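Asker: The structure that follows is given in the form of structure tokens.
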Amino acid sequence: MSPPPPVQRLAAYAVILRDDQILLSRLAARISESELWTLPGGGLDHGEDPQAGVAREVMEETGLKVEVGDTARVLTFHNPHARWEGRRVDAWSVRIVYDGWVPVDSPAPRVMEVDGSTVDAAWKPLAAVLDGTVPTTSLVREALAGHTIHRHQRVAAYALARRGEDVLLTRISALGHHAGAWTLPGGGIDHGEEPRAALRREVREECGVDCEVGEVLEVHDTHFTGTAPGGRREDFHGLHLVFRTTVPGDAEPRVGEVDGTTDAVAWVPVGRVRDGSVPVLDVVRAGLAADERRAR
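Taking my numbering, the leading residue of the sequence shown gets 2, the next gets one more, and so forth.
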């Protein structure tokens, strides 16, 4: 009997994590008679860019629009007794595995293509995948074994604005991490942007008011793993410059940007921050404590 013909396949896949879940596709019965889940992705068309190819495959298999990172790992797989288009072949697969993410407000995944290699798509608990409760292909296990969470360090400027016994705060929308908590007005400093100019811009966007930016009261930082507003899971390190800031006494704050990470703005009694009746991020307490130290 002659040996099976060699077949080489180039494919691209995405590891898509959201909080403690991973997005997977279930293989069709003609590929695996028993339940078996794999990473969304598949074979690249001739001449197709791998990042464009994996985005196309994820849309076909899950119905979700994916953003794909710039770097990837290359994994290989050899099966000398594979089935390919109804015949036995000696298969050699080259698999390009990207880090991918979908918007946090994406709909539930669903298969878009008919008679494809997958019949279902779902978010699966990552712990159940890792302990084998969810049956997966070797590709999933190998990809996760070498996967590292994207590291993101962000420098931001924040405003500590007081009006009597009140402090100006903004509430984090469902698009942001710590949704529902209150924080100081402010945000990320763009590359090359002067910090005070960045803070004036952010206060205008989030609160709809102009402000005067004074001295730096505190340098605060936070470090956690979570899902960014864009949907990417990150090992996040935030560096926060807290400035003493003043706004006009008759200013009425209102949310200036729509569909952002801020959904409310208000003057909040400092006493409610101290007694915990208003949930706030640590940067608020750090800014208030620094302001009080300077006032002594």
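Glycine included, C-beta positions come from ideal geometry on N, C-alpha and C. Here the structure is a predicted model, which means the values were calculated and not measured.
Do VAL279 and ARG286 count as a contact pair if the criterion is CB distance below 7 Å?
Answerer: Going by C-beta atoms, ARG286 is not nearer than 7 Å to VAL279.
Asker: Quick check: the stretch 155-164 against the stretch 233-246, are there 3 or more CB pairs under 8 Å?
Answerer: The answer is yes - the stretch 233-246 touches the stretch 155-164, with three or more Cβ pairs under 8 Å.
Asker: Just verifying my parser: in three-state terms, what is the DSSP assignment at SER139?
Answerer: It is helical.
Asker: Skipping 5 residues on each side, what residues in its chain have a beta carbon closer than 8 Å to that of ALA144?
Answerer: Within the same chain, ALA144 has close Cβ partners TYR14, VAL16, LEU40, ARG74, LEU76 and VAL98.
Asker: So if DSSP puts GLY101 in a beta bridge, which residue, or which two residues, is it bridged to?
Answerer: Paired residues: ILE17 and VAL69.
Asker: Evaluate the contact criterion for the stretch 3-11 versus the stretch 90-107: three or more CB pairs, one atom per stretch, below 8 Å.
Answerer: In short, these stretches touch, since the Cβ pair count reaches three.
Asker: Helix, strand or coil for THR134, going by three-state DSSP, please let me know.
Answerer: THR134 falls in the coil class under three-state DSSP.
Asker: Name the two residues that bound the continuous beta strand (DSSP E) containing ASP121.
Answerer: That run of the beta strand (DSSP E) goes 119-126.
Asker: Count the other C-beta atoms from every protein chain shown that fall within 10 angstroms of the C-beta of GLY42, then say buried if there are 16 or more, exposed otherwise.
Answerer: Looking at its Cβ environment, which holds 16 or more other Cβ atoms inside 10 Å, GLY42 is buried.
Asker: Alpha carbon to alpha carbon, what distance is there between PRO6 and ASP21?
Answerer: One C-alpha to the other measures close to 42 Å.
Asker: Report the option in GLU195, VAL271 and PRO110 whose CA atom is closest to the CA atom of GLU293.
Answerer: The shortest Cα separation from GLU293 among GLU195, VAL271 and PRO110 belongs to VAL271.
Asker: What first and last residue would you give for the beta strand (DSSP E) that runs through GLU49?
Answerer: Segment: none, GLU49 is in no beta strand (DSSP E) and carries neither H nor E.
Asker: Check whether the stretch 160-177 and the stretch 250-269 are in contact - that is, three or more C-beta pairs closer than 8 Å.
Answerer: Enough Cβ pairs lie closer than 8 Å, so yes.
Asker: How close, in whole Å, do the beta carbons of VAL69 and ALA83 come, if the pair is a contact with beta carbons under 8 Å?
Answerer: The pair is not a contact, with the Cβ atoms about 27 Å apart (cut-off 8 Å).
Asker: Run the CB neighbour count on GLY306, radius 10 Å, all protein chains shown included, and call it buried at 16 or more, exposed below.
Answerer: With the chain running from 2 to 297 in the structure shown, residue 306 is simply not present.
Asker: Are HIS241 and VAL269 close, meaning C-beta to C-beta below 7 Å?
Answerer: Result no, Cβ atoms of HIS241 and VAL269 do not sit closer than 7 Å.
Asker: Tell me, to the nearest whole angstrom, how far the beta carbon of TRP124 is from that of VAL67; I am working on the premise that it is less than 8 Å.
Answerer: Between VAL67 and TRP124 the Cβ distance is about 14 Å, and since that is not below 8 Å, they are no contact.
Asker: Report the residue from ASP106, PRO110, SER3 and ASP167 whose alpha carbon sits nearest the alpha carbon of VAL266.
Answerer: Of the candidates ASP106, PRO110, SER3 and ASP167, the one whose C-alpha sits nearest the C-alpha of VAL266 is ASP167.
Asker: CB ALA29 to CB SER118, shorter than 7 Å?
Answerer: A contact, by the Cβ cut-off of 7 Å.
Asker: Got a sec? Which residues, its chain only, sit under 6 Å from PRO104 by beta carbon, not counting five neighbours each side?
Answerer: These residues qualify, in order along the chain: GLY232.
Asker: Tell me the residue span of the alpha helix (DSSP H) that contains GLY288.
Answerer: Counting along the chain, the alpha helix (DSSP H) containing GLY288 begins and ends at 283-296.
Asker: Once you ignore the five residues that flank CYS208 on each side, which residues in its own chain have a CB closer than 6 Å to its CB?
Answerer: For CYS208, where only same-chain residues beyond five positions count, the Cβ hits under 6 Å are PRO186, PRO254 and VAL266.
Asker: Mind checking which residues open and close the alpha helix (DSSP H) that includes VAL204?
Answerer: First-last of the alpha helix (DSSP H) with VAL204: 196-208.
Asker: Determine the direct distance from the alpha carbon of PRO136 to that of ARG111, and round the result to whole angstroms.
Answerer: One C-alpha to the other measures close to 19 Å.
Asker: Express the C-alpha separation of HIS79 and PRO4 in angstroms, rounding to a whole number.
Answerer: Roughly 15 Å separates the two Cα atoms.
Asker: Among GLU34, THR63 and SER33, which one has its Cα closest to the Cα of SER26?
Answerer: Here the closest residue by C-alpha is THR63.
Asker: Skipping 5 residues on each side, what residues in its chain have a beta carbon closer than 7 Å to that of PRO126?
Answerer: ASP21 and GLN22.
Asker: I want to see whether chain C comes within less than 7 Å of LEU65, judged by CB atoms only; does it?
Answerer: In the structure shown, chain C cannot be found, because there is only a single protein chain.
Asker: Roughly how many angstroms separate the alpha carbons of ARG197 and ALA146, rounded to a whole number?
Answerer: ARG197 and ALA146: Cα-Cα distance of roughly 43 Å.
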